[in-house]
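For the sequence shown, my numbering assigns the number 11 to the initial residue and increments by one for each residue that follows. Even glycine gets a Cβ: it sits at the ideal position worked out from N, Cα and C. Note that the structure is predicted; figures quoted are calculated from it, not measured. Take a look at the structure below.
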Amino acid sequence: MAVIQWPSEHFRLTLTSYFIDWTNRSAGRGLSGSEQIINSGTAVWRFRFDLAIEPNPERLKRFEALVSRMRGRFNTAAIPLYDAFAYDNSVSPLQEPWSDGTYHTDGTGWTTGQGVHPMVTAASAAAGASQITVTLTQPTRPGFRIGDLFSHNGFVYRVVGVAGGVTQIEPPLRAAIPSGATLQTAPVMVHARFATDGEGERARGILSYGEPVSLTFEESFDR
């Protein structure tokens, strides 16, 4: 299994969907007549991208080459997720301290316009945990907002509750995150596989250079 880097230039998006499939199962109906639902505990992210492929032969061939390198569902793609509502530099711009390492009296620093200020964990969290704690001081910065996405080691999480630096997430942590770890927010990076071996199939010809393509990926757990 290889990890194939999918450059953001190949994601000229017209539509995205980032959905957690909880894979619940039915155990049939009980004596009361109500359906009994079993949570398997194996939630899986599904990522759908509708792409606009430019009428450019070289770009089309590079796209087809990427699809071929995936070998259907066998290999894993490393994908930067586009998010119009991202926790990025418009929310928390990069801040720098004074030359002596101190910040302003309100705890903030100089903004540089060079990117987003990293969101860093304040404590370790075990695999399976449904909350993490992040640092919001030195410098003072905004906390996560409900609905924000972030990733660590190619696994993606959605913020579902916030109380200061204590952040509730779904799905539960796929792997432990140590204290002091940087969480990726701009862009969020995900490791995912094609949902089927036929993803990326499209007509190839002069009149179809600009034909739109839909790709569906599912979260990859191999590391």
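Taking the Cα of W32 as reference, the smallest distance to any Cα among S44, L23 and G51 is reached at G51. Nearest in C-alpha terms to I187, of all of M129, I48 and I89, is M129.
Judged by DSSP secondary structure, F73 falls within the alpha helix (DSSP H) whose first and last residues are P67 to R79. Closest by C-alpha distance to F154, out of G210, L193 and N85, is L193. With respect to the 8 Å criterion, D93 and V198 are classified as neighbours on the basis of their beta carbons. Secondary structure note for Q124: its beta strand (DSSP E) is the uninterrupted segment W120 to V126. Restricted to the region 168-230, the beta strand (DSSP E) segments that are unbroken, complete and at least 3 residues in length are 176-180, 198-204 and 223-229, listed in chain order. Using a C-beta cut-off of 8 Å, the region 220-230 makes contact with the region 53-70, since at least three inter-stretch Cβ pairs fall below that distance. Around the CB of V77, 16 or more other CB atoms lie within 10 Å, so the residue is classed as buried.
For E106, the enclosing beta strand (DSSP E) has its first and last residue at P103 to E106. S27 has R58 as its beta-bridge partners, per DSSP. Short of 6 Å from the beta carbon of N99, and not among the five residues preceding or following it, lie these beta carbons of its own chain, in chain order: G125 and V126.
The continuous beta strand (DSSP E) containing P90 extends over residues T86 to L91. Between A132 and A185, the gap from beta carbon to beta carbon reaches 8 Å or more.
For S100, the secondary structure class from DSSP, reduced to helix, strand or coil, is coil. Here F165 is bridged, per DSSP, to H162. In the three-state scheme derived from DSSP, where H, G and I count as helix and E and B as strand, S36 is classed as strand. With a threshold of 16 other beta carbon atoms within 10 Å, W16 meets it and is buried.
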